[in-house]
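K.L.:
Under the UniProt record's numbering, the letters of the sequence shown match residues 1 to 106, in that order.
First, the structure itself, so that you have it in front of you.
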Amino acid sequence: MQDNAPAHRARITNQFLYENNIPVLHPWPLFSPDLNPIEHLWDLLDRRVRMRQPQPQTLLQLEKALHEEWDNIPQQSIVVVVVVVVVVVVVVVVVVVVVVVTVVVD
């Protein structure tokens, strides 16, 4: 799933999707809420690494910081992210069904 952001609409991306018969949801709202839990975890990891003092200065330090912060993300935080995404997906599906039913009934 992609959110129709400019990088996801690049000619090479569209060509790949077309050539591999990958369906795309159209229209999909630009910059819609991210329904992929890993994106939220990457954001959490990024924020945790940026809060470190001192900041990593080399690639090796950055790699070490990423591993340490990833290992220190509380399991409860991961569960919350996944649950929130599931709830959002359910709400989106319900809204789509209501819209489709409304259009069909009218």
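Idealized CB from N, CA, C, for every residue including glycine.
What you are looking at is a predicted structure, and each value in this text was computed from that prediction instead of being measured.
Below 8 Å, how does it come out for the segment 65-78 and the segment 43-52: are there three or more Cβ pairs, yes or no?
P.N.:
Yes, they touch.
K.L.:
Rounded to the nearest angstrom, how far is the Cβ of Val49 from that of Leu66, given a contact under 8 Å?
P.N.:
The residue given as residue 49 occupies position 49 in the sequence shown. The residue given as residue 66 occupies position 66 in the sequence shown. The pair is a contact, with the Cβ atoms about 6 Å apart (cut-off 8 Å).
K.L.:
Suppose contacts are defined by Cβ-Cβ distances below 9 Å. Is His40 in contact with Val94 by that definition?
P.N.:
Here the question's residue 40 lines up with position 40 in the sequence shown. Here the question's residue 94 lines up with position 94 in the sequence shown. Cβ atoms of His40 and Val94: not closer than 9 Å.
K.L.:
Only counting the same chain, and skipping five residues up and downstream in sequence, which positions put a Cβ closer than 6 Å to that of Gln55?
P.N.:
Here residue 55 refers to the residue found at position 55 when the sequence shown is read from its first residue. No residues qualify anywhere along the chain.
K.L.:
DSSP three-state label for Thr58, please.
P.N.:
Position 58 of the sequence shown, counting from 1, holds the residue named residue 58. Looking at Thr58 - three-state DSSP - the assignment turns out to be coil, as it is neither helix nor strand.
K.L.:
DSSP three-state label for Asn72, please.
P.N.:
For the purposes of this step, residue 72 is taken as residue 72 along the sequence shown, with counting starting at 1. Of the three classes helix, strand and coil, the one that applies to Asn72 here is helix, per DSSP.
K.L.:
Straight-line CA distance for Leu62 to Val79?
P.N.:
The residue labelled residue 62 in the question sits at position 62 within the sequence shown. The residue labelled residue 79 in the question sits at position 79 within the sequence shown. Cα to Cα, Leu62 sits roughly 26 Å from Val79.
K.L.:
May I have the straight-line CA-CA distance separating Val91 from Val24, to the nearest angstrom?
P.N.:
To locate residue 91, count along the sequence shown from 1; it is residue 91. To locate residue 24, count along the sequence shown from 1; it is residue 24. Each residue's alpha carbon lies about 20 Å from the other.
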